Structure formats: C-alpha cells, structure tokens
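Using this note's numbering, you'd call the opening residue of the sequence shown number 567 and step up by one each time.
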Amino acid sequence: MLVFSSSKSIKDYISTLRKENSIGFVPTMGALHLGHLSLIVQAKTENDVVVVSIFVNPTQFDKKEDLNKYPRTIEEDLKLLQSVNCDVVFIPSIDEMYEDKITSEHFDFGGIEFEMEGKFRKGHFDGVGTIVKKLFEIVMPQNAYFGEKDFQQLQIVKKLVEITKLPIKIIGCKIFREKDGLAMSSRNIRLSEEQRKAAPFIYQTLLDTQQKFGIINANEIKQWVEEQFVNNEFLKLEYFEIACEDSLKPANECQEKKNYRAFIAVFVNDIRLIDNIRLGN
Ligand code: PAF
567 MLVFSSSKSI KDYISTLRKE NSIGFVPTMG ALHLGHLSLI VQAKTENDVV
617 VVSIFVNPTQ FDKKEDLNKY PRTIEEDLKL LQSVNCDVVF IPSIDEMYED
667 KITSEHFDFG GIEFEMEGKF RKGHFDGVGT IVKKLFEIVM PQNAYFGEKD
717 FQQLQIVKKL VEITKLPIKI IGCKIFREKD GLAMSSRNIR LSEEQRKAAP
767 FIYQTLLDTQ QKFGIINANE IKQWVEEQFV NNEFLKLEYF EIACEDSLKP
817 ANECQEKKNY RAFIAVFVND IRLIDNIRLG N
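In structure tokens, the structure reads:
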C-alpha cells in the first residue's frame, strides 16, 4: 500500500497506472469503520486499483468545535486499509488542498443543497463540493464510492460530476449498520456507553416510519416522530423529513410515483448523527 501526501506525486503515480488499470476512489475523512471498509471492498471488486483519501475537510464544517472534535485515528485507519488490501492512500495536509485560502467554491446544485442538511449546516455542501471536486481532479477515477448514509451528499456529488462534466461514475452504497441498527459513523466513537445504548432508537424510529408510510400521511408521520423524541433524555431531534429521492423536496411537494425516503438528524449532546431509510418498496 502506497501512502502519498503530495497531490503532484499521487497524480503522477496514478497517471502511470491509468493506461492499463481502472481506478476506483473512496474519499473519506478517516476514523474508518466497517462502513468505509465495505465501500473499499466493493471498489476492489469493481476496479483494478483502489485509492482512498483521508482528509478532514475544514470548509464543510459550519462549527469550528465540530471540526476540532472530529475523530482522527490515522494509525488505526492505515492498519484497516492494509487489512482490506487498499492500494493507494492519499493523506494531504490542509495547505496541500487549500494553500493559503481555506474557502469554498460556490455551487448551484439545482436546489437540493437547500433542503435538510443544507438548511441546518450553512455552506456545508459548498464545502463538500469544493473538496470532492479537488480530490476528483487529482485522482481522476473511473468510479467513486459514497455511502447512502449521507444520501443528500450522494445526490450532491452526482450533481457535481454533471455540472463539472468530470467523467466519473458515482456509485451509492448501502448503509452499513451495527447489530442493533445504529448506522455506522465515524462520530459513533464519541458516544458514551449510555448514549450508545440510546442511539439505536434513531433507526427504530425510521423502521416505524416505514411501517406507517402509506397508512398515514407524511405530515402525520412527521408529527408522530417529533412526539417520540420530546421526552428522550439523550436524543434531541434536529429534523425529520420525508422527501423524494431525486429532488429531496418534502413529500407533500412531490408528485406521486416517486421514490421516497425518510431522513433524520439527531443530536446526542454535541454529537450529531444522521440516518435515512427508503420508504414504500
Ligand atoms: O462523507 C465524507 O466523509 C466527506 O463528506 C467527504 C465525501 C470525504 C468529503 O470531505
């Protein structure tokens, strides 16, 4: 496994491989878990060479405190990457990616950037778009892999390659869950024992939503979900939304015959967890 920190060196190296090998790419912010590894394993089966980046991107955090507390576990990450036979790892510094200007490019993602995460995390998707574009331009993979846990991000990245006309196929991968249903996330390691025990309630609520969908309407489900969190000692609901998969608009603004998903964001003290589930089929 080769580890690079310079964009020029990794770019030069990948260009020597490109002629005879397909390149799969998994961008991450590190603190790797089985969810990330499942993306890498899928990328390994579909490409000759797999590149993983680890970079905690400052421009996608709206709160400095959240950025500072984001887990950083480089040594363990490298061991995990070895264990799944990752070929190339890119770990750039902030200077390498942003030089002296840590700012986001502004994107028009056609409106999906203003829904849900976009409402609650100002500038988040400009930050994601900025870094993913920079990474794509360095790695220039054929295929790039993103988890469906960040479903809105996945849609944003699909839009990004459309806007930038980068010839990269974006592949969404199923959410990887702990045995008790909690969606795997780098942030989970920050949960205390008690908070960790409380957290599977998020997925349980999504499963209940799935049962209710089609029986009561989206607004009634939303109200029901809000009530479930009112007296929860550990979990504070930030938002719950039922939205179309493509436009991400709330269900009541969508036409019929669309695919719908329920989306949820919850605070466990200062740890923010998100999850989502497909509804209807
Ligand atoms: O999902 C993530 O880990 C990040 O948002 C990404 C895609 C690596 C961009 O920083």
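C-beta atoms are modelled at their ideal positions from N, C-alpha and C, and glycine is treated no differently. All values reported here derive from a predicted model rather than from experimental measurement.
Determine the direct distance from the alpha carbon of E811 to that of E683, and round the result to whole angstroms. 14 angstroms
C-beta neighbour in chain B for P658, strict 8 angstroms: You won't find chain B in this structure, because it holds only one protein chain.
On the DSSP bridge list, what partners appear for V698? Beta-bridge pairing links V698 to no other residue.
May I ask you to check if the CB of Q626 is nearer than 7 angstroms to at least one heavy atom of the ligand PAF? yes
What separation, rounded to the nearest whole angstrom, lies between the Cα atoms of D643 and L598? 6 angstroms
Beta-carbon separation of I722 and V705 under 8 angstroms? no
Please determine, among V654, T639, E586, the residue with the shortest C-alpha to C-alpha distance to V592. The residue among V654, T639, E586 with its C-alpha nearest the C-alpha of V592 is V654.
So E641 is in the alpha helix (DSSP H); what residue range does that whole segment cover? 640–649
Should N842 and F717 be called a contact, given that it needs their Cβ atoms to be closer than 8 angstroms? yes
Near the ligand PAF: Q608 beta-carbon under 7 angstroms from a heavy atom: no
What's the gap between the Cα of E662 and the Cα of S758? 35 angstroms
Near the ligand PAF, which residues have their beta-carbon less than 6 angstroms from any of its heavy atoms, given in chain order? P593, T594, M595, N623, Q626, V694, I697, V698, D716, Q719
Continuous alpha helix (DSSP H) assignments of at least 4 residues falling wholly in the segment 772–834: 784–796
Return the chain-ordered list of same chain residues with a C-beta closer than 7 angstroms to the C-beta of V832, the five sequence neighbours on each side being excluded. Hits under 7 angstroms: I768, L801, K802, L803, E804, L839.
Does the beta-carbon of F621 have 16 or more other beta-carbons within 10 angstroms, so that it is buried, or is it exposed? Counting Cβ neighbours within 10 Å, F621 comes out buried, since at least 16 surround it.
Are there 16 or more other CB atoms within 10 angstroms of the CB of T771, so buried, or fewer, so exposed? buried
Cα-Cα separation, D836 to Y636: 11 angstroms
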